[in-house]
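*Asks:*
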Amino acid sequence: MTLKLYVDRMSQPSRAVIIFCKLNGIDFEEIHINLSKRQQLSPEFKDINPMKQVPAIMDGRFTLFESHAILRYLACAFPGIADHWYPADLYKRAKVDSVLDWHHSNLRCGTAGYIFNTVLAPAFGLPLNPKAAAKYEKVLLASLAKIESVWLQRGPFLLGSGQPSIADLSLVCEIMQLEILDEKDREQIIGPYKRVLKWIDDTKNAMEPHFQEVHVILFKAKEKFHKRRHAVGSSIPQSSRKPDLHSKM
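Once you know that position 20 of the sequence shown is 105 in my numbering, the rest is easy, because the numbers rise by one and skip nothing.
(1) Taking residue 143 and residue 89 to be in contact with their CB atoms under 8 Å, please state how far apart those CB atoms are, rounded to whole angstroms.
(2) For the pair the segment 216-235 and the segment 180-193, tell me if three or more CB-CB distances fall below 8 Å.
(3) Please look up how many angstroms separate the CB atoms of residue 233 and residue 281, rounded, as I've assumed it's under 8 Å.
(4) With DSSP run on the structure shown, which of helix, strand or coil describes residue 111?
(5) Any contact of the segment 153-164 with the segment 120-128, i.e. 3+ C-beta pairs under 8 Å?
(6) What are the boundary residues of the alpha helix (DSSP H) that includes residue 288?
(7) Under a Cβ-count criterion, where at least 16 other Cβ atoms within 10 Å of its own Cβ denotes burial, should residue 121 be classed as buried or exposed?
(8) Could you tell me whether the segment 209-221 touches the segment 246-260, using the rule of 3 or more Cβ pairs below 8 Å?
(9) Looking at the unbroken beta strand (DSSP E) that takes in residue 87, where does it start and where does it end?
(10) Just curious, the beta strand (DSSP E) that residue 141 is in, first and last residue?
(11) Taking buried to mean at least 16 other C-beta atoms within 10 Å of its own C-beta, is residue 99 buried or exposed?
(12) CB-CB under 6 Å to residue 203, same chain, minus the five flanking residues each way: which ones, in chain order?
(13) Where does residue 123 land, buried or exposed, given buried means 16+ other C-beta within 10 angstroms?
(14) Once DSSP output is grouped into helix, strand and coil, what is the label at residue 188?
(15) Less than 8 Å between the C-beta atoms of residue 173 and residue 166, yes or no?
(16) Measuring alpha carbon to alpha carbon, tell me which residue in 241, 119, 149 and 209 is nearest residue 286.
(17) How about residue 254 and residue 101: do their beta carbons lie closer than 8 Å?
(18) Going by other Cβ atoms of all chains shown within 10 Å of its Cβ, with 16 needed for buried, is residue 292 buried or exposed?
(19) Give the secondary structure of residue 116 by DSSP, where H, G and I count as helix, E and B as strand, and everything else as coil.
(20) Run through DSSP, which three-state label would residue 296 get?
(21) Run through DSSP, which three-state label would residue 266 get?
Put into structure tokens, the structure is as follows:
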């Protein structure tokens with residue numbers, strides 16, 4: 086039976102799973118779960134993932150959720166997957182797992198929280214929250230600093246590897262969410278981290294043409310949000326506008 090992916094391409098983890106399948110020739114049926122319409126809350130999807138989140142997969146009768154678990158499963162379950170994605174060597178695999186575990190409460194927490202509270206919240210019927218955004222921005226900047234100084238010390242990819250792993254894929258898809266920001270704001274956040282910038286480019290290049298194609302929806306969303314911010318900003322008197330939100334670290 087064909088592997089089923091329950092995803093929304095606006096979701097960073099969803100994009101990582103889709104890209105992995107495309108890069109490795111894994112046939113799949115993409116089932117769109119529209120988060121902005123709250124389709125993840127439907128009774129039908131709850132049967133697939135009781136946590137009501139994307140991505141999730143169904144492989145025959147087997148269902149699985151959580152993107153890192155899915156990536157590990159795909160790397161092990163399908164034949165012909167190159168070893169660099171999720172090494173068979175126990176020590177190397179444990180190192181990849183350490184990055185994936187770190188990601189949840191650091192880079193993902195900071196990026197998702199910051200972007201949601203500065204850009205995405207209105208799409209879900211919620212107000213922007215500058216106070217929450219400032220808190221998450223600190224986590225995001227600290228995470229980028231750790232990637233720069235710890236994870237990218239010895240090579241072009243995480244952990245000094247010469248080829249990308251599922252950790253590179255997951256983390257770069259996360260950082261790509263910053264593309265929704267205005268260019269000035271994105272540069273202010275990520276610009277100081279030169280190793281991170283090169284690593285992003287190296288990872289994107291290693292995953293083309295699928296990386297760009299899967300992220301098209303994000304670039305379109307950026308245009309839409311930019312126009313919306315510009316329209317709102319132009320309607321606010323200059324003296325009433327708030328300064329740009331960036332913590333000093």
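Where is the CB? At the ideal position from N, CA and C, for every residue including glycine.
*Replies:* On the basis of the supplied data:
(1) Within the sequence shown, residue 143 is the residue found at index 58, counting from 1. Within the sequence shown, residue 89 is the residue found at index 4, counting from 1. Going by Cβ atoms, the distance from residue 143 to residue 89 rounds to 4 Å, so yes, they are a contact pair.
(2) yes
(3) On the sequence shown, position 148 is the one that residue 233 refers to. On the sequence shown, position 196 is the one that residue 281 refers to. That belief holds up - the Cβ atoms of residue 233 and residue 281 are roughly 5 Å apart, short of 8 Å.
(4) Here residue 111 is taken as the residue at index 26 of the sequence shown, counted from 1. Residue 111 carries a coil assignment under DSSP once its states are collapsed to helix, strand and coil.
(5) no
(6) For this step, residue 288 is matched to residue 203 along the sequence shown. Its alpha helix (DSSP H) spans residues 279-291.
(7) On the sequence shown, position 36 is the one that residue 121 refers to. With fewer than 16 Cβ atoms within 10 Å of its Cβ, residue 121 is classed as exposed.
(8) no
(9) Reading the sequence shown from its first residue, position 2 is the one you call residue 87. Element bounds for residue 87: n/a, residue is neither H nor E.
(10) As a first step, residue 141 must be located in the sequence shown, where it is residue number 56. Per DSSP, residue 141 belongs to the beta strand (DSSP E) from 141-144.
(11) Stepping through the sequence shown from its first residue, residue 99 is reached at position 14. Buried.
(12) Position 118 of the sequence shown, counted from the start, is the residue given in the question as residue 203. Correct list, in chain order: 218.
(13) For this step, residue 123 is matched to residue 38 along the sequence shown. Exposed: under 16 other Cβ atoms inside 10 Å.
(14) By 1-based counting over the sequence shown, the position of residue 188 is 103. Correct three-state label for residue 188: helix.
(15) Counted from its first residue, the sequence shown places residue 173 at position 88. Counted from its first residue, the sequence shown places residue 166 at position 81. Not in contact: residue 173 and residue 166 (Cβ atoms no closer than 8 Å).
(16) Here residue 286 refers to the residue found at position 201 when the sequence shown is read from its first residue. When each option's Cα is compared against that of residue 286, the closest is 241.
(17) Here residue 254 refers to the residue found at position 169 of the sequence shown. Here residue 101 refers to the residue found at position 16 of the sequence shown. Against a cut-off of 8 Å, the Cβ pair of residue 101 and residue 254 comes out as a contact.
(18) Residue numbering aside, residue 292 sits at position 207 when the sequence shown is read from its first letter. Label assigned to residue 292: buried.
(19) As a first step, residue 116 is located in the sequence shown; it is residue number 31 there, counting from the start. DSSP places residue 116 in strand when its eight states are reduced to three.
(20) Numbered from 1 along the sequence shown, position 211 holds the residue referred to as residue 296. Helix.
(21) Here residue 266 corresponds to residue number 181 of the sequence shown, with the count starting at 1. Coil at residue 266, not helix or strand.
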